[in-house]
Structures are given as structure tokens and as C-alpha cells.
Amino acid sequence: MTELVVGTTPVVIEETRGFWEGTLVGELRVQRCTACGARQLPGGPCCSSCWSRDLVWEAVSGCGTVFSFTVVRHAFHPSFADRVPYVLADIRLDEGPILTSNVTDVAVEEVRIGMPVRVWFDEPIEDAFHTPLALPKFRPE
Amino acid sequence: MSTSGMIAIAGVGTTPFGKLPGRSAWSLQAEAVRNAVADAGLTKDDVDGLFTEPQFSEPLLLHGHVLGRMLGLKTDYLSTISIGGATAITLVQQAAMAISAGLCEVAVCVYGENAKTGLPMLFGLAQMGRGQADDIAYGMAGGPVMEARSAMRYKHEYAVTDEMFGAVAVSFRHHATMNPAAMYRDPLTMEQYLASRMVAEPLRVLDCTIGASDGGVAIVVTSAERARDLAKPPVLVAGMGAGHNLDGLKDPAHYTHFAGARSSQRAYAMAGIGPQDVDVAQFYDCFTSTVLITVEDYGFCKKGEAGPFALDGNLKVGGRLPTNTSGGMLSEANMTGWNHLAEGVRQIRGECGARQVPGAEVCVVSGHGGFQAAHATLVLTKGGR
């Protein structure tokens, strides 16, 4: 079976624009509902708690812990062939939401559930429509 | 109001599974339908309902309309849906509902795929929609990578060992050795399992469903009354349930608790049974970890106890909960849950030869998809004639 290769760059849409704009100025942003206070990721068209549309993008601390992770040892997509093994992790931000990202700057064998991590931002890139963004990644605190 | 016992599965049809070069998905779907309708002792002209899951390898709108035209059907009711691994059971549920609502009388549900030898398969994430698929940027490509984080959290919370995952793979392969239709029929030992390549920790290659298979499965659904006079013993749809964890892995609870708990409770209640009444299970086995969590969600074990339960051999024919008696998607074929339905029907009809569970009268079948999002359940029981 041949696989049709699809791109691996995020696509910035209206619901995620505030998140990606934050990454260019070194801010990890979470969407907050000004009506009920709930925080959510990824961004959406309304607050998934109360359906209000009064949403703002707000910088958070960038600190969190590894809620779960995997050490990827087989590249299922050619773009990651020279990266294996790498850590794909779900980071539970101190402010609540879970963000999927990579844990870097540590031996893959040392990553643990509960490990405190802090965000850093990769070099800016462009999505398919030339909108700039920078991928947030995490390293041990 | 419930349809319990009013609807039956009257026929099941399968094609060979494996590597079938030169066969299109359409041809496999057509063969499965033909076999299922013949199995029921019906003809093409009896079919007035069609329920389809489109092939991944050739996505298109109106899949069921295209297939129905190819088969020369004159259907009154038709539905095409795609909700991952919960699709097969959901389509049978929809067929049952359409029949009980009087919208059709004889429905065929079908899936067929030539993923092994056919057209390019798109990466699943790419189909999830712009802006929602950004996790691929971090390397979240491929089913095992997506599922591994649930498996890792489950191991962490309940002290599950590698051998407990391995027991699932070994048990299902044991069943496949007795299934001439299975793609992988060589016996599998725990040592071989533990030596298999790690792909996305904690998942080894033998924790994962067979990646792609060519093949097709079709199921004929009709009223219990009509099924009574057909060619094969009717298998009653005694209970149906569904549940959806729409937050997926954005909700911390969903790593270790699937919507299967809600789905199975509803199905048990409709059937008037509990887990203690189940003789045989066919559980969606995209990964070994998925099976263990499902065994718990369905009330066969307390949370965290499915691993030791599997290690004690309870998932094997002869154990307390014979599960995936065909080998499932880990060893028989990756028919995205459709082969579980076929096997469930055949177990209740007593057609499974060496792997038959003696006296099997109640079978529970699960469908599970979308990485913890979608779940559906059927309870199948032996019907009278």
C-alpha cells in the first residue's frame, strides 16, 4: 500500500489564530471565557462550558506536568524519520487544559508521568497559507 | 420503549481476508453482500435497506448510493456513516431502528476495503479537519502514537505490566490458530510478544491491530418474526447501547475510562442481562490496552483488574470470558470491527468449529473509535424458531 503523504504543519484557522499569534511573541495562550471563566484548548467558536462567545486569548504561565506520553520509536510519517526516538506528550498546564506537544532536552528514557515541564518556542515557520507560527515545546523544569 | 428481541440478524457474509491484489473495495463489498443475503436464504429483491461504511482508501460522498446502484438494489432506506471503529455496530443499530420504525424490512449493513493492496490510504489525522489536526506537527501520526498515551496512563494508574498487555495478544492469536480465515495463524508465545519491536511506548508492534487488510463483511438485519422462517437460526439483537466521549484525550478521565461503561450499561439494561450472563465477547481490539480497559468498562472486572484477569487465561476459549474468538483485529484481519460482528453471529449460531464456545447463547460486541471518542455495543442472543 502506498501512503499519500500529508503535510505536518499546523493550519491556522479563526479558532486557533490567537494561540498561534501568542507563540510568535513568546506567550503560551489559552482561550478563556469571560462569561464563566472556563479555559479551553484548542480554541473553539464558543465556550464549551457555557456556549458564550465572549472568549479571549490569555497568556498562561507555560508551566505544567507530563500527564501522559509515548516514546515514538517508529516513524509513521516520513517527516519524523530522522527524529525517532522522540517524546510525544500530553502536558497538563498548571491552569488546567491539556496540550499535546513534545518534551525535549532530556533523554527519552528519563521522561516520566508527573514530570514538571516548562514551555519554549521553536523557530518560527509558516503554515500552508504563509501565516507565521512557532511550535510550543516543553523541557524539564 | 425498546426494540429488544424484536430485531434479528438473519445472515452474515464475509470475503477472504488478507492480501487480495486486483480486488477493489467495491468488489469486496459486493461479494460480502451477496454472501450475506445468500446466507439468510434471501435474494437481491428482498433487500430494501442499505447501511454502509465508506472505504478509507477512496473517500467519497454518497457511498451507499454508489454501492446500491452497482448492486442493482431498490432500497427504501439508506444510510452511510463513518465514525471510526464504532461504525459497524452503529450501522446495525440504525438498521434495527429503521426496521422497527417501519422504514424498511430487510437491511444489509456492509463494509469492504482493499487497504492492503489498493489505493493510497490517507493519514487519519488529515481527515479530521483543518485546525483540529495540528497535533501532527509534534509527530502525532499513526494509530499507535495516538493510542499509546492512553495505554501509558493506564499502566501508570493501575500498575499494569507488559505481560498483561501480552496476554491479550497471545490469547487472541491462540484463537486465530483455530480460524482458517485468519491472516496470522502461527502460535504466539509471551517471549515472542516481549521480543517484538517497540513502536510507540508502551505499545509493541504485537499490541497493535493488523495495519491494513483487504476484505469485506456484510450483515443482514430484519425483524425477528421474519428471521424465524429464513435459512439460518436467527440471532436476536437483545440490547443496544452507545456512548461518546467527545472530549477524547482532552479530558484526563478518558485515558483510562472509555464511553464503553455507559454504552454497555444501556445495552445490558435493554437486554435485561448483566455481565455475569455473557458467554462470549467480541471486543474492538485496535490495541491490547483497549481490550483491557473495555473488559473493565463492561463490568467483567474492577478497574485495574483486567490485566491479571487476562494473564490468568480468562480471555481464552475455556476461560471465564472467551474474547475475540476469531483472533480479532490483532490476528484475524483489520475489518474495523466488522469481523467482530461476524464472529459474534457465528458463535451464537454454533458455527465456529474448534474455537466454538460451548453453549454460547449471549454474546456482547463492542465498537470503539476515534481515539476514545466513539463507542457502541450490541448484545446478541440465540433466537427461537
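In order, the protein sequences belong to chains D and F.
Note that our numbering gives residue 14 to position 29 of the first sequence, counting from 1, and the numbers run on in steps of one.
Note that our numbering gives residue 870 to position 359 of the second sequence, counting from 1, and the numbers run on in steps of one.
Ideal placement from N, C-alpha and C gives every residue a C-beta, glycine not left out.
Anything in chain F within Cβ reach of residue i, meaning under 8 angstroms, just list it in chain order.
i                     : result
residue 75 (chain D)  : 660, 760
residue 17 (chain D)  : In chain order: nothing, as chain F lies at least about 16 angstroms away.
residue 120 (chain D) : 648, 649
residue 68 (chain D)  : 650
residue 65 (chain D)  : 650, 652
residue 62 (chain D)  : 634, 647, 650, 652, 653
Would you please state the rounded distance, in angstroms, between the beta carbons of residue i and residue j? I believe it to be under 8 angstroms.
i                     : j                     : result
residue 28 (chain D)  : residue 1 (chain D)   : 5 angstroms
residue 610 (chain F) : residue 733 (chain F) : 7 angstroms
residue 849 (chain F) : residue 746 (chain F) : Wrong, their Cβ atoms sit about 15 angstroms apart, outside the cutoff.
residue 827 (chain F) : residue 819 (chain F) : The Cβ separation is near 15 angstroms, so there is no contact.
residue 551 (chain F) : residue 735 (chain F) : No, residue 551 (chain F) and residue 735 (chain F) are not in contact; Cβ-Cβ is about 13 angstroms, not under 8 angstroms.
residue 619 (chain F) : residue 548 (chain F) : 7 angstroms
residue 891 (chain F) : residue 874 (chain F) : 4 angstroms
residue 884 (chain F) : residue 757 (chain F) : 6 angstroms
residue 781 (chain F) : residue 810 (chain F) : In fact, because the Cβ distance is near 15 angstroms, the residues do not count as touching under 8 angstroms.
residue 851 (chain F) : residue 795 (chain F) : 7 angstroms
residue 689 (chain F) : residue 865 (chain F) : 4 angstroms
residue 695 (chain F) : residue 684 (chain F) : 7 angstroms
residue 812 (chain F) : residue 806 (chain F) : 6 angstroms
If the criterion is Cβ atoms closer than 9 angstroms, does the pair residue i and residue j meet it?
i                     : j                     : result
residue 86 (chain D)  : residue 121 (chain D) : yes
residue 16 (chain D)  : residue 43 (chain D)  : yes
residue 553 (chain F) : residue 742 (chain F) : yes
residue 843 (chain F) : residue 693 (chain F) : yes
residue 753 (chain F) : residue 592 (chain F) : no
residue 70 (chain D)  : residue 103 (chain D) : no
residue 816 (chain F) : residue 724 (chain F) : no
residue 75 (chain D)  : residue 660 (chain F) : yes
residue 53 (chain D)  : residue 766 (chain F) : yes
residue 715 (chain F) : residue 705 (chain F) : yes
residue 803 (chain F) : residue 721 (chain F) : no
residue 62 (chain D)  : residue 824 (chain F) : no
residue 5 (chain D)   : residue 84 (chain D)  : no
residue 561 (chain F) : residue 603 (chain F) : no
residue 800 (chain F) : residue 687 (chain F) : no
residue 594 (chain F) : residue 880 (chain F) : yes
residue 681 (chain F) : residue 701 (chain F) : yes
residue 101 (chain D) : residue 48 (chain D)  : yes
residue 667 (chain F) : residue 98 (chain D)  : yes
residue 656 (chain F) : residue 55 (chain D)  : yes
residue 556 (chain F) : residue 587 (chain F) : no
residue 835 (chain F) : residue 887 (chain F) : no
residue 77 (chain D)  : residue 51 (chain D)  : yes
residue 615 (chain F) : residue 626 (chain F) : no
Comparing the CB of residue i with every heavy atom of the ligand ATP, is any distance shorter than 8 angstroms?
i                     : result
residue 854 (chain F) : No copy of the ligand ATP occurs in the structure displayed, which carries no ligand at all.
Please compile the residues from chain F whose C-beta is within a distance smaller than 7 angstroms of the C-beta of residue i.
i                    : result
residue 24 (chain D) : Simply none; closest approach about 12 angstroms.
residue 85 (chain D) : 646, 649, 651
residue -5 (chain D) : 645, 648
Taking all protein chains shown into account, do 16 or more other C-beta atoms lie within 10 angstroms of the C-beta of residue i, making it buried, or fewer, making it exposed?
i                     : result
residue 114 (chain D) : exposed
residue 73 (chain D)  : buried
residue 539 (chain F) : buried
residue 857 (chain F) : buried
residue 713 (chain F) : buried
residue 127 (chain D) : With chain D covering only -14 through 126, there is no way to say anything about residue 127 (chain D).
residue 859 (chain F) : buried
residue 787 (chain F) : exposed
residue 855 (chain F) : buried
residue 634 (chain F) : With a pLDDT of only 48 at residue 634 (chain F), under 50, the local geometry of the prediction cannot be trusted, and the value read off the model is given with reservation. The residue is buried, with at least 16 neighbouring Cβ atoms inside 10 Å.
residue 521 (chain F) : buried
residue 878 (chain F) : buried
residue -5 (chain D)  : buried
residue -12 (chain D) : Note that residue -12 (chain D) scores 49 on pLDDT, short of 50, meaning its location in the model is unreliable; the coordinates nonetheless yield the value given after this. Result: exposed.
residue 565 (chain F) : buried
residue 629 (chain F) : buried
residue 808 (chain F) : buried
residue 581 (chain F) : exposed
Check the Cβ of residue i against every Cβ in chain D and list those closer than 8 angstroms, keeping chain order.
i                     : result
residue 663 (chain F) : 53, 54, 55, 98
residue 901 (chain F) : Lying before the first or after the last residue shown, residue 901 (chain F) is absent from chain F, which here runs from 512 to 896.
residue 763 (chain F) : 52, 77, 83
Report the neighbours of residue i on chain D: residues whose CB is nearer than 7 angstroms to its CB, in chain order.
i                     : result
residue 671 (chain F) : Result: empty, since nearest Cβ-Cβ is about 13 angstroms, beyond 7 angstroms.
residue 766 (chain F) : 53
Run down chain F in chain order and give the residues with a C-beta less than 9 angstroms from the C-beta of residue i.
i                    : result
residue 59 (chain D) : 653, 655, 656, 708, 709, 710, 711, 716
Query raised in the report: What are the complete alpha helix (DSSP H) segments, minimum 4 residues, inside the region 846 to 894 of chain F?
Result: Counting only runs of at least 4 residues, the region 846 to 894 of chain F fully encloses the following alpha helix (DSSP H) elements, listed from N- to C-terminal order: 849 to 860.
Query raised in the report: Which residue spans inside the region 553 to 594 of chain F form an unbroken beta strand (DSSP E) run of at least 3?
Result: For secondary structure counted as the beta strand (DSSP E) over 3 or more consecutive residues, the region 553 to 594 of chain F holds these complete runs in sequence order: 560 to 563, 588 to 591.
Query raised in the report: Along the chain, which unbroken stretches of the beta strand (DSSP E) at least 3 residues long are found entirely within the region 38 to 116 of chain D?
Result: List check, beta strand (DSSP E) in window: 40 to 44, 48 to 57, 71 to 78, 83 to 87, 101 to 106.
Requested in this report: Would you list, in sequence order, the uninterrupted alpha helix (DSSP H) runs of no fewer than 4 residues that lie entirely inside the region 683 to 767 of chain F?
Outcome: Fully contained in the region 683 to 767 of chain F are the following alpha helix (DSSP H) runs of length 4 or more, in chain order: 701 to 706, 735 to 738.
Query raised in the report: Which runs of the alpha helix (DSSP H) fall wholly inside the region 754 to 830 of chain F and span at least 4 residues, in chain order?
Result: Runs of the alpha helix (DSSP H) inside the region 754 to 830 of chain F: 771 to 782, 799 to 808, 817 to 822.
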